[in-house]
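First up is the structure itself, then whatever we jot down about it.
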Amino acid sequence: MVISSSMQSRDEDRRGGYNRSYPGGSLYLWMGPSPFDLVFYSDRRYGARKRKGDMSFLESIFSFLFGDGNPNAEVDTHRWQKIGEIIRRCGGAVTAEQIAPFLNPPQPQKSDETNVVDESFMLPVLEKFGGRPEVTDDGDIVYVFPDLLNTASTSGSVVGSSADSSASTDLGYIEEKEYVFSKASSGQILGAAGLGVLNLLGAVTLGEYMAQLRTVPLPFLKWLYPPLLGYALAFIIIPVVRWYRQRQQNALIAKRNQARLEWYQLLRSRTPAVMRKLEKARRLRSKLKQIDAEDIAYTTAKSLIEQNQELFDDFDKKLR
């Protein structure tokens with residue numbers, strides 16, 4: 319079951335790259351057929367071969383045992399870049415529907431007339447970009463980011479009407495990639511599995527042979543047999559446990575992807591409730607811009623261009 323699943327997932331997913339190095343090289347020292355290959359092992363060389371689809375046998379065994387890393391290692395970076403771009407385009411005032419496709423929100427409510435009550439998933443965004451919630455007269459929540467109001471207006475990319483807001487800020491949604499069991503070739507996976515079976519059969523056979531003897535010809539075998547049996551069992555158990563855990567992880571990934579898709583579809587549906595919130599955000603943005611323009615006092619120590627550039631630099635730092 320594990321082997322067939324790994325072959326199927328390998329055929330379905332060729333998009334993932336090797337995004338992080340592997341910890342636990344000492345484990346591979348016990349699992350790999352040759353300890354000397356571990357000493358001269360190179361993560362960079364392994365990653366390059368994997369991208370080319372040309373693993374050595376030792377690398378395929380490592381992939382069979384421990385997998386190929388996290389396919390979503392860059393999701394958080396991509397997430398904050400997209401959210402920052404949306405806030406900038408919206409002039410520093412957004413709704414939950416615009417940001418949810420890039421977070422890990424619960425599924426949206428199915429009613430056009432009912433406001434979304436639980437928008438706690440927006441808290442990390444408020445914390446990262448220095449925002450605050452504003453409650454409108456209709457009970458809707460608009461999220462305002464004062465630090466980004468000036469950068470957005472200075473860039474000249476602020477949208478106008480609520481219809482323009484939903485269209486020009488349509489950056490899609492984040493879709494996480496599911497884990498694959500191994501990106502080794504089918505033949506290499508079969509070879510690694512066959513090696514595990516042979517190890518286990520050999521250890522069991524040796525144990526039965528030693529049990530039938532009154533005296534063991536080589537006494538050190540009594541001390542060597544437990545590690546050999548543990549090695550053989552681990553070679554089988556580790557991939558099975560990892561396969562089962564990946565199934566659970568992929569189920570959660572699919573659930574998160576589905577929730578983001580539903581939020582994205584809700585934003586594009588332009589229901590009365592969504593359009594009302596977008597319009598409230600637009601009006602609040604215009605109001606805050608007027609207040610901000612009256613209150614801001616530029617220092618004479620720096621030019622206006624230098625001060626505007628500092629605003630952009632501060633915004634870029636928050637995206638990192």
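For what it's worth, the numbering used here labels the leading residue of the sequence shown as 319, then goes sequentially.
Ideal Cβ positions, reconstructed from N, Cα and C, are used throughout, including at glycine.
Counterpart residues of residue i in DSSP-defined beta bridges
i: Y582; result: Looking at the DSSP assignment, Y582 forms no beta bridge with any residue, so it has no partner.
i: A411; result: V462
i: R588; result: According to DSSP, which records beta bridges pairwise, R588 is partnered with nothing at all.
Cα-Cα separation between residue i and residue j, rounded to whole angstroms
i: W561; j: F382; result: 10 Å
i: L584; j: Q416; result: 10 Å
i: H396; j: A510; result: 35 Å
i: V453; j: Q566; result: 38 Å
i: K400; j: F420; result: 7 Å
i: A529; j: G514; result: 23 Å
i: W581; j: E597; result: 18 Å
i: G512; j: R563; result: 22 Å
i: Q427; j: M440; result: 16 Å
i: V462; j: L579; result: 24 Å
i: V558; j: I379; result: 14 Å
i: M593; j: L602; result: 14 Å
i: D456; j: C408; result: 21 Å
i: S503; j: D458; result: 53 Å
i: L508; j: A521; result: 20 Å
i: E403; j: V393; result: 15 Å
i: E431; j: S587; result: Residue placement at E431 is flagged as unreliable, the pLDDT there being 48, under the threshold of 50; the coordinate-derived value follows with that caveat. So the two alpha carbons sit approximately 14 Å from each other.
i: P537; j: L516; result: 24 Å
i: G342; j: A591; result: Because the pLDDT at G342 is just 40, under 50, the model does not fix this residue reliably, and the point stays unresolved.
i: R574; j: F499; result: 20 Å
i: D372; j: R450; result: 51 Å
i: T523; j: W541; result: 16 Å
Proximity below 8 Å, CB of residue i to CB of residue j
i: G410; j: L467; result: yes
i: N568; j: Y497; result: yes
i: G525; j: Y543; result: yes
i: V460; j: A599; result: yes
i: I554; j: L518; result: yes
i: D465; j: G448; result: yes
i: K605; j: T413; result: no
i: D386; j: K501; result: yes
i: A572; j: P423; result: no
i: F384; j: Q506; result: no
Span of the beta strand (DSSP E), counted from its first residue to its last, around residue i
i: E452; result: 450–453
Terminal residues of the alpha helix (DSSP H) in which residue i lies
i: S381; result: 375–384
i: A444; result: With the sequence shown as reference, residue 444 is identified as Leu, and Ala is not the correct amino acid for it. Looking at the DSSP string, the run of the alpha helix (DSSP H) that includes L444 is 441–447.
Interface flag, residue i vs chain D, CB-CB below 8 Å
i: I459; result: Absent from the structure is chain D; it holds one protein chain and no more.
Residue i Cβ short of 7 Å to the ligand FAD heavy atom set
i: S503; result: Among the components modelled here there is no ligand, and therefore nothing to report on the ligand FAD.
Can you give, in chain order, each stretch of the alpha helix (DSSP H) that sits fully within the stretch 475–561 and has at least 4 residues?
-> 480–486, 504–530
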